[in-house]
Amino acid sequence: PGQSLSDFQLVKGRVFCLRNRNELIALDGDTGALAWSFSSPPGEINPNLWIGADRAVVQVDKPNQLLVLRTDDGRPVTRVALADRELLERPPTPIDENSVLLVSDRRTVKRFDLTHGQTSWVYQESKDLPVNGPPRLICSAEHLLVLHDGRLLIRLDPATGKKRWECLLGAENLSERPDSMAWDDKIFYCVNIENIAGTVRQSVRAVALEDGSRIWSCPLTGPAVAVWSIALTERCVIAYPSATRDSEGAD
9 PGQSLSDFQL VKGRVFCLRN RNELIALDGD TGALAWSFSS PPGEINPNLW
59 IGADRAVVQV DKPNQLLVLR TDDGRPVTRV ALADRELLER PPTPIDENSV
109 LLVSDRRTVK RFDLTHGQTS WVYQESKDLP VNGPPRLICS AEHLLVLHDG
159 RLLIRLDPAT GKKRWECLLG AENLSERPDS MAWDDKIFYC VNIENIAGTV
209 RQSVRAVALE DGSRIWSCPL TGPAVAVWSI ALTERCVIAY PSATRDSEGA
259 D
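Numbering (the numbering used here), first residue to last: 9 to 259.
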């Protein structure tokens with residue numbers, strides 16, 4: 009009684025979730041039996057966590073630290089102290105078998121080595137805090153993209169963290185609208201608001217991943233209050249209204 013379960017993930021036949029924000033538990037997917045649990049009293053566990061096939065990355069406070077756990081039994085294999093104000097703003101993003109990307113505050117992206125517990129590089133686009141929330145990471149096998157302040161798309165070198173290019177996507181904040189973006193191995197697509205020759209319009213934009221150049225832009229027709237999402241097929245980009253601005257604000 010009184011227990012709260014949240015932030016469910018299914019990995020390798022087990023269900024992982026937080027219990028009361030201070031305990032991470034693993035349940036057998038077939039029987040529901042408890043496989044293991046992890047807590048670090050008196051601290052709470054940040055819900056922005058990552059569960060991989062072999063390891064998990066969690067942040068606990070009191071003291072503020074980052075832990076790497078074994079997924080099989082929940083035992084910590086690495087502990088790294090964090091600064092007082094460091095807080096994972098997004099779930100860690102795996103970039104290869106031994107590294108994850110961390111958004112450790114509203115302006116900072118780090119590459120973290122799971123084996124050695126060390127930071128490989130740190131990237132900050134600006135010393136100023138962004139208005140539109142923390143960076144959103146978009147990763148594939150060959151590309152690392154960072155959406156900064158909801159409007160500026162940046163490509164980084166995954167090995168060094170150095171910027172390769174940047175592209176302003178438009179006037180609208182996309183930081184909490186992942187459905188408005190899609191990509192393949194060569195092109196990044198998004199829906200945004202453009203001001204062209206004094207005319208404000210919603211449009212689908214295509215950006216080359218190689219150099220950040222604009223390939224094409226296609227205006228959208230429909231209700232002015234529509235919030236658009238996009239999806240990719242083998243040969244096409246599909247844009248469709250998924251909500252309205254009134255309903256989005258109500259949520």
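For every residue, glycine included, the Cβ atom is placed at its ideal position computed from N, Cα and C. For clarity, every value in this text was computed on a predicted model and none was experimentally measured.
Going by DSSP, residue 175 is part of the beta strand (DSSP E) stretching over 171–176.
Rounded to the nearest whole angstrom, the C-alpha separation of residue 173 and residue 164 is 8 Å. At a Cβ-Cβ threshold of 8 Å, residue 42 and residue 35 count as neighbours.
Taking a C-beta distance under 8 Å as the contact criterion, residue 119 and residue 129 qualify as a contact pair. Judged by their CB atoms, residue 83 and residue 122 are not nearer to each other than the 8 Å cut-off. For residue 51, the CB contacts under 6 Å within the same chain, skipping 5 residues up- and downstream, are 68, 69 and 70 in chain order. With contacts defined by Cβ atoms closer than 8 Å, residue 143 and residue 151 do not form a contacting pair. With contacts defined by Cβ atoms closer than 8 Å, residue 190 and residue 240 form a contacting pair. Rounded to the nearest whole angstrom, the C-alpha separation of residue 199 and residue 249 is 11 Å. In this structure, DSSP gives residue 187 a helical state, which the three-state scheme calls helix. Cβ atoms of residue 238 and residue 188 come within 8 Å of each other, at about 6 Å. Residue 17 carries a strand assignment under DSSP once its states are collapsed to helix, strand and coil. The C-alpha of residue 48 lies about 11 Å from the C-alpha of residue 74. Non-local C-beta neighbours of residue 184 in its own chain, meaning closer than 7 Å and more than five positions away in sequence, comprise 141, ordered along the chain. The beta carbon of residue 23 sits closer than 7 Å to those of 16, 35 and 37, all from its chain and outside the five residues before and after it, given in chain order.
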